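Colleague:
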Amino acid sequence: MTQSVKPYPLHFKPEFKERVWGGRELERFGYDVPEGHIGEGWMIADHPNGVSHVINGELAGQGLDQIREALGAEWFGSKGSQSGNGRFPLLIKLLDCNDDLSVQVHPTDDYAGLPKGELGKTEMWYVLDAKPGAKIIYGLKPGVNRESFAAAISEGRIMDTLQEVSVEAGDTFYIPAGTVHALCAGVLVAEIQQNSDTTYRVYDYDRPGLDGKPRELHIEDSLNVTAYEGAGATRMKTDGAKPGEWLTLAKSPYFVTDKGVVRGEWKLSTVPESFDILIVAEGTGSIRWESGLLDAKAGDCFLLPANLGDYSLAGEMTVLRSRVE
Ligand code: ZN
């Protein structure tokens, strides 16, 4: 790969993953979704368990891992190229929850039980769509501690210890490592997370996995990494976002994500510290930069290099912008 590629917004072919809780909703974005219960689309991924490949421009066919090796220092920004475990710092997914996901919790970066080379996982969700009455599990009920949580798990009444909240399109959930959580049936979500695939499963509804056998649980690790006093989880409604202004949804040590409503043309710019990741949540429009123009529509995810500079969004769409700060 030549070092002299001019920066441009990268669009990737997603890596789709079959999950026991998955469905067919990701087809609505026009993707060629493989058969089966497809739960996850890894839209921008540079992980041993999945790498996304570019479908546009001069770098078409290249994996994000190859781009990181050849151009990362220049294209990911002074902070975006230094964070994480040497790989691209974030993992961007779309999730179709046709059934309930396991109740789970993720470790922080310093958890001693982490697999070698893996990071902790702080994540956030933006709800793209939700069926009427849809709920998720978000944190422990007040007062639950390690002892009472462990007792509830072993006595088969874990649900008594968990907070359930109703969700609708536009809701945002920030889920720092240590927060017990589960997406539930009927929600379609954009997920922004640390580049990690480490999940400790506390409860899986006693159901069989894709192979007919129950999926493994990780009770001891879960009890170890759960933040009983809270980890700083926050949630918000985001319908107050105004055209041409960024509304901050989450500010973490790993990513800062803002929501923006595009009506007409909006002039923007990348910063030297970080790439911009754009997830189109709704609508259609375009991205224009010095030497090109790309169409954009709901479900598209783009990686704009830190050295792209000025660009503009146009059309009628809602976007989520994530950076490393
Ligand atoms: Zn999770």
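Residue numbers for the sequence shown follow full-length UniProt numbering, beginning at 1 and rising by one. For each residue, glycine too, the CB sits at the ideal point set by N, CA and C. Keep in mind it's a predicted model, so treat the numbers as computed, not measured.
1. Using CA coordinates, which residue listed in Arg321, Leu294, Thr270 is at the minimum distance from Gly309?
2. Start and end of the alpha helix (DSSP H) containing Asp204?
3. Ala177: buried (16+ other C-beta within 10 angstroms of its C-beta) or exposed?
4. Suppose contacts are defined by Cβ-Cβ distances below 8 Å. Is Val167 in contact with Ala130 by that definition?
5. Note down, in chain order, each residue of its chain lying with its Cβ closer than 7 Å to the Cβ of residue 350, except the 5 sequence neighbours on either side.
6. Smallest Cα separation from Ala298: which of Arg28, Asp171, Pro7, Ala112?
7. For the alpha helix (DSSP H) containing Arg323, name the first residue and the last one.
8. From the DSSP output, read off the bridge partner residues of Lys13.
9. When you compare only the Cα positions, how much space is there between Gly61 and Ile55?
10. To the nearest whole angstrom, what separates the beta carbons of Pro14 and Met43, a pair I think is in contact under 8 Å?
11. Within the continuous beta strand (DSSP E) that includes Ile92, where are the two ends?
12. Does DSSP put Val105 in a helix, a strand or coil?
13. Grouping DSSP H, G and I as helix and E and B as strand, with all else coil, what is Ser274?
14. Label Met159 either buried or exposed according to how many other C-beta atoms from any shown protein chain fall within 10 Å of its C-beta, with 16 as the threshold for buried.
15. For Arg321, count neighbouring C-beta atoms within 10 Å of its own C-beta (all shown protein chains included) and say buried if the count is 16 or more, exposed if not.
16. Note down the Cα distance separating Gly80 from Gly113, rounded to an integer number of angstroms.
17. Please report the distance separating the alpha-carbon of Ile38 from that of Leu303.
18. Which term fits residue 375, buried or exposed, when burial requires 16 or more other beta carbons within 10 angstroms of its beta carbon?
19. If you measure from each CB to the nearest heavy atom of ligand 3 and keep those under 7 Å, what residues do you get, in chain order?
20. The beta strand (DSSP E) spanning Trp42 covers which residue range?
21. Which partner residues of His47 appear in the DSSP bridge assignment?
22. Check the C-beta distance from Ile287 over to Tyr311 and give it rounded, since I have them as a contact under 8 Å.
23. Is Arg157 helix, strand or coil when you go by DSSP?
24. With distances taken between CB atoms, is the gap from Asn145 to Asp46 smaller than 8 Å?
25. Exposed or buried, what is Pro107 when buried is set at 16 or more other beta-carbons lying within 10 Å of its beta-carbon?
26. If you follow the alpha helix (DSSP H) that Gly86 is in, where does it begin and where does it stop?
27. Indicate whether at least one CB of chain D lies closer than 8 Å to the CB of Glu18.
28. So Ser52 and Leu64 are in contact, right, with Cβ under 8 Å, and what is the actual spacing, rounded?
29. Taking C-beta to C-beta, are Asp258 and Leu268 nearer than 8 Å?
30. So what does DSSP say about Leu71, is it helix, strand or coil?
31. With a floor of 4 residues, list each alpha helix (DSSP H) that falls wholly inside the region 192–272, ordered by position along the chain.
32. For Asp65, which three-state DSSP category applies?
Modeller: Reading off the structure:
1. Thr270
2. Counting along the chain, Asp204 falls outside any alpha helix (DSSP H), and DSSP gives it neither H nor E.
3. buried
4. yes
5. As shown, the chain starts at 1 and ends at 325. That puts residue 350 outside it, with no answer to give.
6. Arg28
7. Where Arg323 is concerned, there is no enclosing alpha helix (DSSP H), although the beta strand (DSSP E) it sits in stretches over 310–323.
8. His53
9. 6 Å
10. 5 Å
11. 90–97
12. strand
13. strand
14. exposed
15. buried
16. 26 Å
17. 23 Å
18. Not covered by the structure: residue 375. The range shown for the chain is 1 to 325.
19. As for ligand 3, it is missing from this structure, which binds only ligand 1.
20. 38–44
21. Gly50
22. 6 Å
23. coil
24. no
25. buried
26. Here Gly86 belongs to no alpha helix (DSSP H), and DSSP marks it neither H nor E.
27. Protein chain content of the structure displayed is limited to a single chain, and chain D is not contained in it.
28. 6 Å
29. no
30. helix
31. 219–225
32. helix
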